[in-house]
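Below is one structure, written out as structure tokens; comments come after it.
Chains as they are written, first to last, in my numbering: chain W, 2 to 385; chain X, -12 to 406; chain R, 24 to 331; chain P, 26 to 277.
Set out below in structure tokens:
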């Protein structure tokens, strides 16, 4: 078969279809409103994890600052919702009605200029995409043009996450500080707090995630995806084949950032508030671990990994809160030492062969991207 | 036991109602108990987790993460109160069962767990939260699903909800009496504020500043500094203290930063016996980490100290230590957390129902005469009337009470003139 | 802002501010030294560095409790015993961790980051289960407290002087060990070419283990010293990790001298800014400056330009 | 620009006064040489003479301290690596530099001179032209049957060929090869020489090589480097008989 390694071949289609059925049919059928809303929250993290597969898994760029992007999206959406909730009507007991309550508490009497655009929903949505992209571009240009990579990039992005947290908490008059932006009510007049709204938002979230997964697969299966892998292996060779490596790194970093920001915005909608506790070092690293548990090379694995870790976290922390941290720590170590390709690797090594045998599905077709990725994973497993 | 008088009263009531002397046996005689125990259908019309013998409440604090340090005491106090109430026969004849959830020092987790407690466990009340941030995260959930939260921490005010009873002090209650005292007793003219960088210290300092600048004569604030949570280097601000030589250092630094701050203050030669320092954030709990030697001589301004000399408190401290060990200490928030289950019990009994709306309506006016801090009473605004005290830190980690406000101070979460 | 103060006041303030900066500098060097060895020399990203420090702090706490209960006469000197034990405890734990975990990951530096982060979570929870969630107060001998008055207004905190001396001592010892002793040459040989080093008869596994243990042991001593100025609780270690890494990276990872220079510039910036701005903004600006400079000069302050 | 006079005629590549120092050590010191259109130039010299550094400087991997490198009137010292490649300079590394995790086909496809921008790569279509060209090159580099194997599974010699193939598909005007036959078996070496002989047509080539037999076979002109400077330059015959060269290099 000399067909191009096409985006969404049969195998991908089946896998994505399965995920779609799980998300859109199985979960809503099995889970009550409360649990479904929890799943919605987990899925917002999966946006970040999918971005990390492209950025870290394929491109080899480990960002420990994805929380910053998550925050840019989450706070963008929260600012819009907060302004809508802070109508003059709702805030008439304040000394300055019409501005968010936390501004009033901090003696701010006028809405800051950078809040103004968030009066408009279309503009908010646009900014949720554009600001992270721009931020990623600035950071990426500065670092990748100077060949900052690997460990150094990870540590610098981690410092950015720390700075962002201190800044958000310190500038509480403008950001709500450590409390975050809370008490959000309506989206363009639609009450997002009701159970029916949460139900609808779950589906919006799930479908958006499926779109992102599809787009990520498109990127992976395009030549750009292969260049990312090539870059991870032999950066210089790519450079001396006439590619501007930095531009590709910037692109994939921005893309992962935008994915994270969309996840952040969906988080705000599903959870009903945004808080600096999702910005800092710890959440940023946790998002990396979701990706690692799923398998850093597998886009669908990232979604399942996120769900698995969070399900475990919720159920373990409900029954044994002390054990949870030990479990999480152990998971980190196990994923690194024993299962470097995470759930996707386990699936590929132990489950897939049986299925293949049963279905007599020929996965030897070398232009089949799923098989390629699997092979890449096998070859890449020990080395960075 | 916390309330022998209460116990006595309730025994008397039971004896009157049932003609049975042995209260603890009540549970063994369901038929008889029925006379004391109103039908579940009557006391629970909204589907809360109330059965004929049990009622479920939630405890929602951080067991893990950075806030576990502070919240442990609150959990202990709430469990103590619940076990005491159960020993006395429970609430409306029903034993209290609790479901404990871990907020993990993470505000979204608090919201998630609060929702779980209300939606899945259908708890009749939640004792919980510590930081303002966790309360702010939980508040919309509690209001949406119509729950009842008993919140123990002294906090910044600017909030009032039908669904929350604030058992700690709001900022004006805590601060103003202390400032008045320090100006009067120490002749203080100049103040330097040092706080952690988040809403409670900033709001508290704002109120303190307004009071100093607008409501007192000849006093001023000569410095105001904030540090990120967890900051451990205070030498620069200590130099500023030496430069400005304030009469009073007024601090609301929280958590582990306190340890660094007081150790460095002492090392820099600032002797708290000579330099007046007033804190609104250091309780006996924090002194455990700071070390009594390092903070002896500082004044703390709050409503409760473990050393309070009254019979209620003596029994409370004894019961607490019996349950949790001799070495445990009890701070302001721990005591406030202890009030939660009791206030809820009394409110339920007054309302004759577990229904949230009825409890919310019945809360104002509830008095607790047996509170370790002395008499408290729930205000219309769901905060407590309480006294404010100033304690002088001792080397052994306890406070010596040097001042107590003569009257109960009215809670005023939206203070006019302090905004 | 200086209008209100006399010249003499200002002079002494600048003197004390400079001294505050020096203390911060010593603290930073002490924090970063262990990491500079582990990260700079071995290339391992040890995210559990803070937890190794806290182990040292807990050891000090237990020593103080033990001495005050059983050997009160020797209490004034317990701090030295505590530091030695802290070094041994953290160092042994480090060697254990190297053996169980790190040695499998030398080729995957980014994965050491994830694995040691997991380790730090486990250690934190272990501390919490064993020592309780609250902070413990370490009682210091009297001679370590208080200050030496230099003039009427200038006072020098004794524990600050102690930290400075300790830092100087450890730095010199590490410097000698790494650059003068045979062992240091072996470490560098292993770092530069593991296979070749093994071929010429260096026991690379042992060198790795000892190096990692040394780095962790120094972290333990740092933690022990920090009980004088900071808090000791299960999660206290996390406070240090970002600062520490930035110092090492900013200095140019492979150079001990770079680490010291970077600790100096960062501490001076921070402590000067703190005097003029609020603590939060000082921190943000310092970190941002460091990140900005790292973006312009990713190799850090001091690195050799080498032929590749 | 730091040009030292104008060269007498139009060269494809003009290197003038090129200097680079690493912490004071001058790896390349005031080096000047010129390469003609369609010329095959071999650089030889003992270890540490600065041969690889010269290639690094030309392709932009290392930045020069002084001097100029002009290629078709473009100043390469001021261009980025990818711009230099786009200008028509291709380079093969000493150790085979290929992408282990991609197949042979994908390795070659990445070097195909189309879709080199981010957007271009994202919308790149593997059309007939691409497939034909890849098949053609794969045939030339003896890897026709291995097209869909991961490059990691190739032998050392095959990896070298693959990298040469990647350069071939890139079709540069100046091709720089760093020890193309190092580490090869005898039979591989013969095949490689054959391969090189076909690909060096219609372009200029700059080769670093130790194998004298091989050098004699292909070189138009030889440049001998020693301690970052030119020791001798000219035909193989002339260089071989230069006493200075004999002393430092060929003598032992």
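Glycine included, every Cβ here is placed at the ideal spot set by N, Cα and C.
- Buried is the label assigned to residue 31 of chain X, since at least 16 other Cβ atoms lie within 10 Å of its Cβ.
- Contact annotation: in the stretch 174 to 186 of chain W, residues whose CB is within less than 7 Å of a CB in chain X are 178, 179, 180, 181, 183, 184.
- In this structure, residue 143 of chain X lies away from residue 121 of chain X, with their beta-carbon atoms at least 8 Å apart.
- Contact annotation: the stretch 74 to 88 of chain X touches the stretch 35 to 42 of chain X, with at least three C-beta pairs closer than 8 Å.
- The shortest C-alpha to C-alpha distance from residue 278 of chain R to any of R:57, R:95, R:43, R:233 is the one to R:57.
- In the DSSP assignment, residue 353 of chain X is bridged to no other residue.
- Chain-ordered, the chain X residues with CB closer than 7 Å to the CB of residue 167 of chain W read 215.
- Each of W:263, W:318, W:313 was checked against the Cα of residue 131 of chain W, and the nearest Cα belongs to W:263.
- Using a CB distance cut-off of 8 Å, residue 240 of chain W counts as an interface residue toward chain P.
- For residue 87 of chain X, the enclosing beta strand (DSSP E) stretches over residues 82 to 89.
- Inter-residue distance for residue 202 of chain W and residue 132 of chain X is about 19 Å (C-alpha atoms, whole angstroms).
- Residue pairing of residue 391 of chain X in beta bridges, as defined by DSSP: X:376.
- The closest CA to that of residue 59 of chain W, considering only W:137, W:217, W:354, is found on W:217.
- DSSP, reduced to helix, strand and coil, places residue 253 of chain P outside both helices and strands of the structure shown, so it counts as coil.
- By the CB criterion at 8 Å, residue 231 of chain X and residue 205 of chain X fall outside the cutoff.
- DSSP places residue 218 of chain X outside both helix and strand once states are collapsed to three, so it counts as coil.
- A residue is called buried when at least 16 other Cβ atoms come within 10 angstroms of its Cβ; residue 108 of chain R meets this threshold and is buried.
- Residue W:343 holds the alpha-carbon nearest to the alpha-carbon of residue 297 of chain W among W:134, W:343, W:270.
- The C-alpha of residue 263 of chain P is placed about 20 Å away from the C-alpha of residue 253 of chain P.
- According to the DSSP assignment, residue 178 of chain X belongs to the beta strand (DSSP E) that extends over 177 to 183.
- Along the stretch 33 to 56 of chain R, the positions whose C-beta sits under 7 Å from a C-beta of chain X are 36, 39, 40, 43, 46, 47, read in chain order.
- Residue range 11 to 22 is occupied by the alpha helix (DSSP H) that includes residue 22 of chain W.
- Counting only the Cα atoms, residue 28 of chain X lies some 59 Å from residue 135 of chain R.
- Taking a Cβ-Cβ threshold of 9 Å, none of the residues of chain W is close to residue 205 of chain P; the smallest such distance is about 15 Å.
- Within the DSSP secondary-structure output, residue 211 of chain X pairs in a beta bridge with X:180.
- Check the Cα spacing between residue 97 of chain P and each of P:124, P:267, P:46, P:114: the tightest is with P:114.
- By DSSP's assignment, residue 45 of chain X forms a beta bridge with X:86, X:113.
- Near chain X, meaning a CB-to-CB distance below 9 Å, the residues of the stretch 315 to 349 of chain W are 315, 318, 319, 322, 323, 325, 326.
- Setting aside the 5 residues that flank it on each side, residue 203 of chain X is surrounded in the same chain by 170, each with a C-beta closer than 7 Å to its C-beta; the list follows chain order.
- In this structure, the straight-line span from the alpha carbon of residue 152 of chain W to that of residue 138 of chain R is close to 14 Å.
- Think of a sphere of 7 Å around the beta carbon of residue 94 of chain X: the chain W residues whose beta carbon falls inside it are 181, 276, 278, in chain order.
- At a C-beta separation below 8 Å, residue 253 of chain R has these neighbours in chain X: 219, 243, 246, 247, 250.
- Annotated three-state conformation of residue 142 of chain P is coil, per DSSP.
- When Cβ-Cβ separations below 8 Å define contact, residue 212 of chain X makes contact with chain R.
- Among the CB atoms of chain W, none fall inside 8 Å of the CB of residue 185 of chain P.
- Chain W places a beta carbon closer than 8 Å to that of residue 152 of chain R, counting this residue as a contact.
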